[in-house]
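Residue numbers (this note's numbering): -14 to 403.
Positions of the beta carbon are idealized from the N, C-alpha and C atoms, including for glycine.
Only one structure is covered here, and it is reproduced in the block below.
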Ligand code: ADP
Ligand code: ASP
Ligand code: MG
């Protein structure tokens, strides 16, 4: 069974009925603000955007590896930190970046104000560590923009309906940016990162990976859900549901990046497959004798992000992120179920809207894996994706071989996208 149903996204009330022209939301990831020089370069970029006539909101991530370092710090103090306190700790990194960027912008002679997620009006549910945005109250941002300021919003965080600081899950600054773009009715949401756009595969993994000019929301949802961490999955859901045009591009060049928009005819005519994505680790559980309703009810209750589900009576196999393992084991324990869990599998997926109208993608995928001697353990499909769980040690060569099979590194494939 394919699980391609994504969580719904709450309605976002724009601050005023009339649309505000010329607002741009620009999000910069961790490596884009990794040191003071880079932060100053980001400040110059935000100022340039304002000079060319835009109302500018910058959403910043924590500098470099700050979030990882804060998480490691917590674990040195406590083996299982309370989620509320963990959020208090790890939300700090984004605040540091924004305060520093505001100082740099002021030094350039422009007005700037930094805001925490809470001050910016990002209201979430109460699930610490992976909170969902339920409302955006953009009044304060709009007032600051009206007064001519560049507004810096700390990404990845909000305030819960019970007034606690929450975080939105790894990569969550993307979602902050898209939610603000929707609420402010921005012309577009620019995601500045350390690669030039969305590629046919992770460019750090596949040397021949190529930048895609445009990707549909549906393809990007599948790519994000199956490991292309360049955009957080929830940010793509939000963009699709609110019609936010996303532009993923490099912080370090002016090159045009990748546009994520509605599917158009040109996209359907293009190459069969848009990308090959992967994850290196996932935990795959095998549970016997459980009722699917109570099992997945308990996992939902524990806020576990279940990915693949395969049911063959009497067995249920499902996968979930490694970091959710404690919650899954607690939930299975509470239900008194017998299960096995393995951590030695990753997943390779081929994604492409062209698959809808062209048979044979599955055959070519399996033939490629067969030629490598790689045996898929669990296979799942959606209309535009085929995913195979394979041994972690085989992921890299499987991704490279599939990338070649579907000719994603050829200039010809790229031209067809144009
Ligand atoms: P940021 O800190 O800017 O949010 P991330 O590390 O979250 O950046 O995401 C960018 C990274 O995503 C890239 O450095 C790249 O290694 C990885 N990535 C994985 N798959 C893809 C893909 N298909 N296209 C582009 N980047 C990808
Ligand atoms: N700093 C957070 C993370 O590393 C959020 C983000 O960068 O989007 O996941
Ligand atoms: Mg990211």
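Item, Value
"Cβ pair residue 259, residue 366 closer than 9 Å", "no"
"Beta-carbon proximity of residue 200 to residue 268, cut-off 9 Å", "no"
"Proximity test, Cβ basis, 9 Å: residue 142 and chain D", "Of the protein chains in the structure, only one exists, and it is not chain D."
"First and last residue of the uninterrupted beta strand (DSSP E) at residue 82", "That residue, residue 82, is in no beta strand (DSSP E); its alpha helix (DSSP H) goes 77 to 92."
"Assigned exposure category for residue 370 - 16 Cβ within 10 Å defines buried", "buried"
"Beta-carbon proximity check, residue 171 vs residue 9, cutoff 9 Å", "yes"
"Heavy atom of the ligand ADP within 8 Å of residue 177 beta-carbon", "yes"
"Three or more C-beta pairs below 8 Å linking the stretch 75 to 94 and the stretch 129 to 138", "yes"
"Helix, strand or coil at residue 412 [DSSP, three-state]", "With the chain represented from -14 up to 403, any question about residue 412 goes unanswered, as that position is not in the structure."
"Any non-hydrogen atom of the ligand ASP within 8 Å of residue 405 CB", "Because the chain is modelled from -14 through 403, residue 405 falls outside the range shown and cannot be assessed."
"Near the ligand MG: residue 15 beta-carbon under 8 Å from a heavy atom", "yes"
"Heavy atom of the ligand ADP within 8 Å of residue 223 beta-carbon", "no"
"contact_flag[the stretch 337 to 354, the stretch 307 to 322] where n(CB pairs < 8 Å) is 3 or more", "no"
"Length-filtered (3 minimum) beta strand (DSSP E) runs lying within the stretch 8 to 88", "8 to 13 and 40 to 45"
"Neighbour-count burial assignment, residue 292, 16 or more Cβ in a 10 Å radius", "buried"
"Residue 296 (DSSP reduced to helix, strand or coil)", "strand"
"Contact under 9 Å by Cβ, residue 261 with residue 191", "yes"
"The ligand ASP heavy atom lying under 8 Å from the CB of residue 46", "yes"
"The ligand ASP heavy atom lying under 8 Å from the CB of residue 155", "yes"
"Beta carbon of residue 305 nearer than 9 Å to that of residue 295", "no"
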